[in-house]
Amino acid sequence: MAENKQSQLNASYHGPSIPPNRNYLRTTRRRNCCCRIFNIFWKILLSIITLIVLSFIISLILVQPRPFKFYVTQANLTQFNYTNTSTLLLHYNLVLNFTSHNPNKKLGIYYDKVEGNVFYQGYRFSTIDVITWMNSFRQDSKHTDGMSGVFKGTKVLVLGKSQRSKFDQDKRDGDFDIYVELYFDIRFRLGHFIFNNINSKATVKCGIKVPLSGSNGEVLGARFEPKNCNVNVKWV
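With full-length UniProt numbering, letter number 188 in the sequence shown gets 188, and the count goes up by one each step, no holes.
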């Protein structure tokens with residue numbers, strides 16, 4: 001009987017608990033504090049990113065950016081012949097005048113660099129810098145500006161028999177099919193804000209029929225017709 005009472009006493013005994021380790025409590029509080037700070041920082045960062053994305057989308061909707069329009073307005077070809085030695089050496093002198101139009105109502109365009117390339121029968125025979133940082137310019141909204149490129153020199157070409165026949169035929173007709181490609185580095189301006197960190201790329205392509213001019217300035221082929229080129233802008 002006494003043993004049963006002693007067992008009940010032992011089972012129902014509630015003594016003072018062992019106090020928790022103070023270092024453990026400090027570590028737990030520190031972890032909780034770091035988690036709260038991280039959660040606050042993450043929420044702030046998400047809010048900033050969301051605001052930036054929404055602002056960009058709203059700006060695009062309001063501004064409605066459109067690519068510029070580009071034309072080849074004039075072509076003057078005074079030399080385009082080859083000397084047939086051990087290799088075919090092309091001699092050329094081509095001047096192209098271009099016109100660029102900004103159709104945007106609110107966006108200005110900075111033309112920082114323009115590289116021009118000309119091809120004949122799939123062969124690139126000349127590359128020049130139409131615009132560099134020395135003659136770069138800003139084009140305001142709804143404005144039209146001109147630029148020009150002088151392609152002059154010699155180039156070794158590897159033409160097959162049929163391609164040489166095509167060349168001779170074009171020379172007799174007085175017209176040459178020239179393909180033009182231009183590569184642009186451009187920036188945009190909205191009001192007083194310039195998107196310096198957004199360096200967009202643009203590519204302009206068009207095929208033109210260029211008449212050959214004689215030594216007296218007489219045009220041997222058909223009169224040159226201005227050409228509207230295809231413009232592709234990558235908004236980087």
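A virtual CB, placed ideally from N, CA and C, is assigned to each residue, including glycine. Owing to the predicted nature of the structure, the values given are computational and were not obtained by experimental measurement.
- Item | residue 240 vs residue 213 beta-carbon contact at 8 Å | One cannot answer for residue 240 here, as it falls past the ends of the chain, which runs 1 to 236.
- Query: What three-state label does DSSP hand residue 173 in the structure shown?
  - Reply: Residue 173 carries a helical assignment under DSSP once its states are collapsed to helix, strand and coil.
- Tell me where the beta strand (DSSP E) around residue 152 begins and ends. 144-157 is the extent of the beta strand (DSSP E) around residue 152.
- Query: Looking only at its own chain, which residues have a Cβ that is under 8 Å from the Cβ of residue 227, when we skip the five neighbours before and after it?
  - Reply: Here the set comprises 71, 72, 206, 207, 208.
- Query: So, is residue 49 buried or exposed, given that buried needs 16 or more other C-beta atoms within 10 angstroms?
  - Reply: Under the 10 Å beta carbon count, residue 49 is surrounded by fewer than 16 other beta carbons and is classified as exposed.
- Item | Three-state secondary structure assigned by DSSP to residue 136 | Coil at residue 136, not helix or strand.
- Taking just the CA atoms, how far does residue 94 sit from residue 221? Taking the straight line joining both Cα atoms gives about 15 Å.
- Task: Indicate whether residue 178 and residue 120 have their beta-carbon atoms separated by less than 8 Å.
- Result: Going by C-beta atoms, residue 178 is nearer than 8 Å to residue 120.
- Round the Cβ separation of residue 148 and residue 98 to the nearest angstrom and send it over; I've been treating them as touching at under 8 Å. Confirmed, about 7 Å.
- Just tell me which of 88, 39, 67, 36 has its CA closest to the CA of residue 160. Comparing C-alpha distances from residue 160 to each of 88, 39, 67, 36 shows the shortest one belongs to 88.
- Just the C-alpha distance for residue 83 and residue 106, rounded to the nearest angstrom, thanks. For residue 83 and residue 106, the distance between alpha carbons rounds to 52 Å.
- Item | Alpha-carbon to alpha-carbon, residue 55 and residue 43 | A direct Cα-to-Cα measurement between residue 43 and residue 55 gives close to 18 Å.
- Using DSSP bridges, identify the partner residues of residue 74. Beta-bridge pairing links residue 74 to 97.
- Consult DSSP for residue 127 and reduce its assignment to one of helix, strand or coil. The answer is strand: DSSP assigns residue 127 an E or B state.
- Mind reading off the beta-carbon distance from residue 112 to residue 186? Whole number of angstroms is fine, and I expect it under 8 Å. 6 Å between Cβ atoms; contact.
- Message: Would residue 101 and residue 68 qualify as a contact pair, given that the criterion is a beta-carbon distance under 8 Å?
- Response: Yes, they are a contact pair.
- Item | Residue closest to residue 66, alpha-carbon to alpha-carbon, out of 141, 181, 166 | Taking only the C-alpha atoms, the option nearest residue 66 is 141.
- C-alpha gap between residue 92 and residue 146, whole angstroms: When only Cα atoms are considered, residue 92 and residue 146 end up about 23 Å apart.
- Please name the residue, chosen from 139, 80, 170, 180, that lies closest to residue 117 on a Cα-to-Cα basis. Of 139, 80, 170, 180, the residue nearest in Cα terms is 180.
- Query: Any idea if residue 131 is buried or exposed, counting beta-carbon neighbours within 10 angstroms, 16 or more meaning buried?
  - Reply: Residue burial is scored here from C-beta neighbours: residue 131 has at least 16 other C-beta atoms within 10 angstroms and is therefore classed as buried.
- Message: For a quick check, are the C-beta atoms of residue 155 and residue 125 less than 8 Å apart?
- Response: Yes, these two residues count as a Cβ contact at 8 Å.
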